[in-house]
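Visitor: Structure provided below as structure tokens; questions to follow.
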């Protein structure tokens, strides 16, 4: 079982998006460095708010400029360096842009919630989808 930090001990803050389209499909990202499928997200920059981070990271990773929706869910866990990490997610819809493979993300896929749940590499990401209603 993964040790879950409490908010007072979070060492790494991150934010991301549960990006959906008009058909209700979700956007997943493949990270070649870890060979995993996950929701687009990334670490908070100094002076940045979590919503700003979520929009920036989704844009940097996927090429899509998004519209921020309601807060969706949060995930707390220990990262690969053993640090207490919390990721906050927001619902998002695409406003423009296009995917271009990059160093962090080499593929994206749009899929149904059920397909996404099966494709996600981490149980913590599946738990996020379980918490979110579409």
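In my numbering, the protein residues as written are 1408 to 1541.
From the three backbone atoms N, C-alpha and C, an ideal C-beta is built for every residue, glycine too.
All of these numbers come straight from a predicted model, not from anything done at the bench.
(1) Throw me the rounded Cβ distance for the residue 1545 and residue 1449 pair, which I believe falls under 8 Å.
(2) Would you mind sorting residue 1519 into buried or exposed? The rule is 16 or more other CB atoms within 10 Å of its CB.
(3) Looking at the unbroken beta strand (DSSP E) that takes in residue 1500, where does it start and where does it end?
(4) Classify residue 1493 as buried or exposed, calling it buried when 16 or more other Cβ atoms lie within 10 Å of its own Cβ.
(5) Quick check on the burial criterion: 16 or more other C-beta atoms within 10 angstroms. Buried or exposed for residue 1498?
(6) Cutting at 7 Å between CB atoms, please list the residues of its own chain near residue 1451, excluding the five before and the five after it.
(7) I need the DSSP call for residue 1535, collapsed to helix, strand or coil.
(8) Return the CA-CA distance between residue 1526 and residue 1481, expressed in angstroms with no decimal places.
Guide: This is what the structure holds:
(1) No information on residue 1545 is available, as it lies outside the stretch 1408 to 1541 that the chain covers here.
(2) Counted from its first residue, the chain shown places residue 1519 at position 112. Around the beta carbon of residue 1519, fewer than 16 other beta carbons sit within 10 angstroms, so the residue counts as exposed.
(3) Within the chain shown, numbered from 1, the residue matching residue 1500 stands at position 93. It spans 1491-1504 - the beta strand (DSSP E) in which residue 1500 sits, taken as one unbroken run.
(4) Along the chain shown, one-based indexing puts residue 1493 at 86. Residue environment for residue 1493: buried (at least 16 other C-beta atoms within 10 angstroms of its C-beta).
(5) As a position in the chain shown, residue 1498 is number 91, starting the count at 1. Burial call: buried.
(6) By 1-based counting over the chain shown, the position of residue 1451 is 44. If the five residues before and after residue 1451 are omitted, its C-beta is found closer than 7 Å to the C-beta atoms of 1420, 1421, 1422, 1457 and 1460, all from its own chain and listed in chain order.
(7) Numbered from its first residue, the chain shown carries residue 1535 at position 128. Here residue 1535 sits in helix by DSSP.
(8) Residue mapping note: residue 1526 aligns to position 119 of the chain shown, counting from 1. Residue mapping note: residue 1481 aligns to position 74 of the chain shown, counting from 1. Each residue's CA atom was taken as its position, placing residue 1526 and residue 1481 some 20 Å apart.
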